[in-house]
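Residue numbers (UniProt numbering): 1 to 68.
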């Protein structure tokens, strides 16, 4: 008796395909969580004030540019 060439006919193939689909869903969920966290951290960094030391350094650099 000849076996079917339809890959969906095999229960093992169906299990592998279901596992791969679950892995893809988990991977997408993880990527979305990473995206959300990175976006949140970036947005928080945007609203933070520049530390005084950096502001002083920027002021010194600007002053040097106008002096030359």
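Beta carbons are placed, not taken as given, at the ideal position from N, Cα and C, and that holds for glycine.
Could you check whether the Cβ of residue i sits closer than 9 Å to any Cβ belonging to chain D?
{"i": "residue 49", "result": "Going by chain labels, chain D is absent from the structure shown, which holds only one protein chain."}
Assuming contact is defined by CB atoms lying nearer than 9 Å, are residue i and residue j in contact in what I supplied?
{"i": "residue 61", "j": "residue 50", "result": "no"}
How is residue i classed by DSSP in three states: helix, strand or coil?
{"i": "residue 49", "result": "coil"}
{"i": "residue 2", "result": "In this predicted model, residue 2 has a pLDDT of only 48, less than 50, meaning its place in the structure is not dependable enough to derive any value."}
{"i": "residue 66", "result": "helix"}
Measure the alpha-carbon distance for residue i versus residue j and round it to whole angstroms.
{"i": "residue 34", "j": "residue 17", "result": "26 Å"}
{"i": "residue 27", "j": "residue 47", "result": "31 Å"}
{"i": "residue 68", "j": "residue 52", "result": "25 Å"}
{"i": "residue 29", "j": "residue 36", "result": "11 Å"}
{"i": "residue 66", "j": "residue 45", "result": "30 Å"}
{"i": "residue 147", "j": "residue 38", "result": "Any answer about residue 147 is impossible in this case: the structure gives the chain only from 1 up to 68."}
{"i": "residue 22", "j": "residue 64", "result": "59 Å"}
{"i": "residue 10", "j": "residue 19", "result": "14 Å"}
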